[in-house]
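This report refers to the structure that appears directly beneath it.
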Amino acid sequence: MREYRFRIRRFDPETDRESRWQEFNISLEPGERVLDGLIKIKEEHDGSLTFRRSCAHGICGSCAMKINGRNR
Numbered sequence: 008m009r010e011y012r013f014r015i016r017r018f019d020p021e022t023d024r025e026s027r028w029q030e031f032n033i034s035l036e037p038g039e040r041v042l043d044g045l046i047k048i049k050e051e052h053d054g055s056l057t058f059r060r061s062c063a064h065g066i067c068g069s070c071a072m073k074i075n076g077r078n079r
């Protein structure tokens, strides 16, 4: 397992005036994806985290992300 830091920009228009950054340190197995990390954060650390996802197999494209300025 390897430790990763996820830095997520959070915003709730009902309660926040501006967005804020929140960090999570989680462990992932080799081969796990960023999407797996987000799911782990939601299930184990912060159930209020929301994000769009669909098939989670890279087929439909809804889980595509821009990471450090590069499309993944």
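For what it's worth, our numbering labels the leading residue of the sequence shown as 8, then goes sequentially. All C-beta atoms, glycine included, are put in the ideal place defined by N, C-alpha and C.
*Using a threshold of 8 Å, state whether the C-beta atoms of E51 and S34 are closer than that.*
Position 44 of the sequence shown, counted from the start, is the residue given in the question as residue 51. Position 27 of the sequence shown, counted from the start, is the residue given in the question as residue 34. No, Cβ-Cβ distance for E51 and S34 is not below 8 Å.
*Below 7 Å CB to CB, which residues in the same chain sit around G112 once its five sequence neighbours on both sides are set aside?*
Since the first residue of the chain shown is 8 and the last is 79, residue 112 is not available in this structure.
_Short Cβ contact (8 Å threshold) for K49 with L42_ = On the sequence shown, residue 49 is found 42 positions in, with the first residue counted as 1. On the sequence shown, residue 42 is found 35 positions in, with the first residue counted as 1. Cβ distance not < 8 Å, so K49 and L42 don't count as in contact.
_Same chain only: Cβ atoms within 8 Å of R79, ignoring 5 sequence neighbours per side_ = Taking the first residue of the sequence shown as 1, we reach residue 79 at position 72. Spatial neighbours of R79 in its own chain (CB-CB distance under 8 Å, excluding positions within 5 residues in sequence) are listed in chain order as V41, A71, M72 and K73.
*Distance between E39 and H64 (C-alpha atoms, nearest Å)*: Numbered from 1 along the sequence shown, position 57 holds the residue referred to as residue 64. Numbered from 1 along the sequence shown, position 32 holds the residue referred to as residue 39. Cα-Cα distance, rounded: 12 Å.
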